[in-house]
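Read in order, the letters of the sequence shown are residues 1 to 334 in full-length UniProt numbering. C-beta: ideal position from N, C-alpha, C; glycine also. What follows is a short report on a single structure.
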Amino acid sequence: MVERQELSWLLRQEYGLDGKLHLLHSVDGTDGKQILVMYRLDIPHGHSWIIQAYHETFAQQPIFPWITDNSLLRWLEHRAALLSFLEQQKYPAPRLRLTQNQKMLCCHNGWFLSVSSFIDGIAEDMSIETLSSAATYLGSLHQLPLPSNISWSWWNPSLMARAQEPLDHVLSNREDLKDLLHTCSHLLQSVLQYVGPLSLVHGDCWLPNLLRTKENVAFIDWEFAGKGYAVLDLGAFLLKGQYLPGGILPQKMIPQRVQAIVEGYRQRRQLSEEEIALLPDAIRFTMAWRGILACARFSSNIRTSGIDALFSRVQQGLQLANDIIPIALRALQY
Numbered sequence: 001m002v003e004r005q006e007l008s009w010l011l012r013q014e015y016g017l018d019g020k021l022h023l024l025h026s027v028d029g030t031d032g033k034q035i036l037v038m039y040r041l042d043i044p045h046g047h048s049w050i051i052q053a054y055h056e057t058f059a060q061q062p063i064f065p066w067i068t069d070n071s072l073l074r075w076l077e078h079r080a081a082l083l084s085f086l087e088q089q090k091y092p093a094p095r096l097r098l099t100q101n102q103k104m105l106c107c108h109n110g111w112f113l114s115v116s117s118f119i120d121g122i123a124e125d126m127s128i129e130t131l132s133s134a135a136t137y138l139g140s141l142h143q144l145p146l147p148s149n150i151s152w153s154w155w156n157p158s159l160m161a162r163a164q165e166p167l168d169h170v171l172s173n174r175e176d177l178k179d180l181l182h183t184c185s186h187l188l189q190s191v192l193q194y195v196g197p198l199s200l201v202h203g204d205c206w207l208p209n210l211l212r213t214k215e216n217v218a219f220i221d222w223e224f225a226g227k228g229y230a231v232l233d234l235g236a237f238l239l240k241g242q243y244l245p246g247g248i249l250p251q252k253m254i255p256q257r258v259q260a261i262v263e264g265y266r267q268r269r270q271l272s273e274e275e276i277a278l279l280p281d282a283i284r285f286t287m288a289w290r291g292i293l294a295c296a297r298f299s300s301n302i303r304t305s306g307i308d309a310l311f312s313r314v315q316q317g318l319q320l321a322n323d324i325i326p327i328a329l330r331a332l333q334y
């Protein structure tokens with residue numbers, strides 16, 4: 001693991017930053033060793049920064065090949081370059097801080113370090129105004145020019161196509177999940193068959209990644225971002241905009257949230273006829289993709305309580321999506 005004292009030294013040496021570190025999050029690998037740590041660095045009488053340190057073994061985690069087809073270093077460089085691009089476009093997002101040698105990342109003893117600005121705001125604000133404003137900024141994101149060197153988001157067609165094999169494996173061995181997995185397979189193929197213009201997408205639009213600031217709203221956590229189809233981003237936000245704090249799925253859909261997201265989004269961007277046709281499947285795909293990734297993760301052990309609990313959530317999420325769809329389509333008619 002990267003020791004706090006060592007990290008403080010690196011921040012002073014490489015970034016010229018000296019302050020107090022507060023641990024926000026850490027992830028252990030399958031061997032119990034830390035592979036990701038996240039801190040907030042508070043500078044006396046100055047700005048605060050978010051510090052993320054990834055160990056090189058992060059790329060060995062089972063889920064990583066389903067997030068990107070890049071190496072860990074390339075994936076982190078892509079995210080850093082994306083934050084720099086968003087700053088150039090004056091889009092509200094964390095700002096990357098370069099090292100004193102003008103590098104996007106700091107590499108040290110198997111760790112990759114990135115520093116970005118801390119955004120002071122209210123998380124998981126479930127108000128209609130915040131959802132509408134966030135949807136407007138999402139529409140603005142999808143209207144930005146697409147950088148020529150940008151990588152795919154985690155909705156990468158080659159990765160999604162590869163996911164059909166573990167999905168079929170679980171399908172052939174879990175009769176009790178047959179109907180649900182057939183639904184997931186249908187939604188996967190529907191998305192793979194879609195061909196449309198590409199946009200810059202966030203990839204993980206939900207309330208914990210949305211901050212209400214004094215000036216506006218800002219999306220954080222751009223790990224899954226890249227090029228992709230805007231309708232998948234909007235579909236995900238329509239579904240996840242219903243979540244309760246902590247990512248809990250609600251028992252009942254709130255129509256006003258759906259209407260606020262559609263109306264806010266349309267202030268900046270209109271959907272094409274082809275996107276409207278795909279929107280129902282795009283809303284459902286948000287949950288189906290989680291189920292498909294679970295098949296990839298648990299394909300060698302398909303009778304664990306983990307996969308059963310996850311697919312119970314997928315089933316509940318698909319039902320929620322079905323309730324959202326007619327409200328969203330109706331809102332698009334006005």
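Of Leu-318, Thr-286, Arg-268 and Leu-171, the smallest CA-CA separation from Phe-298 is found for Leu-171. Within its own chain, the residues whose Cβ lies closer than 6 Å to the Cβ of Pro-92, once the five positions on either side in sequence are excluded, are Asn-216 and Ala-218, listed in chain order.
Minimum Cα-Cα distance from Tyr-15 among the listed residues Thr-57, Leu-113, Ser-84 and Glu-87 corresponds to Leu-113. Arg-290 and Val-314 have their alpha carbons spaced roughly 7 Å apart.
For the pair Leu-131 and Arg-257, the CB atoms are nearer than the 8 Å cut-off. Assignment of Tyr-39 by DSSP, reduced to helix, strand and coil, places it in the strand class. Going by DSSP, Ser-26 is part of the beta strand (DSSP E) stretching over 20-28. The alpha-carbon separation between Ser-312 and Phe-224 amounts to approximately 24 Å. When DSSP states are grouped into helix, strand and coil, Arg-284 belongs to the helix group. Contact between Leu-198 and Leu-146 holds, since their C-beta atoms are separated by about 6 Å, short of 8 Å. Contact annotation: Leu-207 and Met-253 have beta-carbon atoms that are not nearer than 8 Å. Beta-bridge pairing by DSSP links Val-201 to Gly-226. In the DSSP assignment, Leu-211 falls within the beta strand (DSSP E) that extends over 210-212. According to DSSP, residue pairing for Gln-52 in a beta bridge involves Met-38 and Ser-114. Two segments are said to touch when three or more pairs of C-beta atoms, one from each, lie closer than 8 Å; by this definition the stretch 72-86 touches the stretch 99-110. C-alpha of Val-27 to C-alpha of Gly-110: approximately 16 Å in a straight line. Under DSSP, Val-217 shares a beta bridge with Arg-212.
Collapsing the DSSP output to three states places Ile-128 in a helix. In the DSSP assignment, His-182 falls outside any beta strand (DSSP E) and lies within the alpha helix (DSSP H) extending over 178-193.
When C-alpha distances from Glu-3 are compared across Leu-36, Ile-67 and Asp-31, the shortest belongs to Leu-36. Judged by beta-carbon spacing, Arg-284 lies beyond the 8 Å limit of Leu-244, meaning their Cβ atoms are not closer than that value. The beta carbons of Leu-232 and Val-195 sit no closer together than 8 Å. Residue state for Leu-10 is assigned as helix, using DSSP reduced to three classes. In the three-state DSSP reduction, His-142 falls in the helix class (H, G or I). Here the C-alpha atom of Gly-306 lies approximately 22 Å from the C-alpha atom of Lys-33. Following the DSSP letters along the chain, one finds His-108 in no alpha helix (DSSP H) but inside the beta strand (DSSP E) bounded by residues 106-108.
The beta carbons of His-22 and Asp-42 sit about 7 Å from each other, so the pair counts as a contact at 8 Å. Nearest neighbour of Gly-264 by Cα position, chosen from Gly-246, Gly-241, Gln-61 and Ser-117, turns out to be Gly-241.
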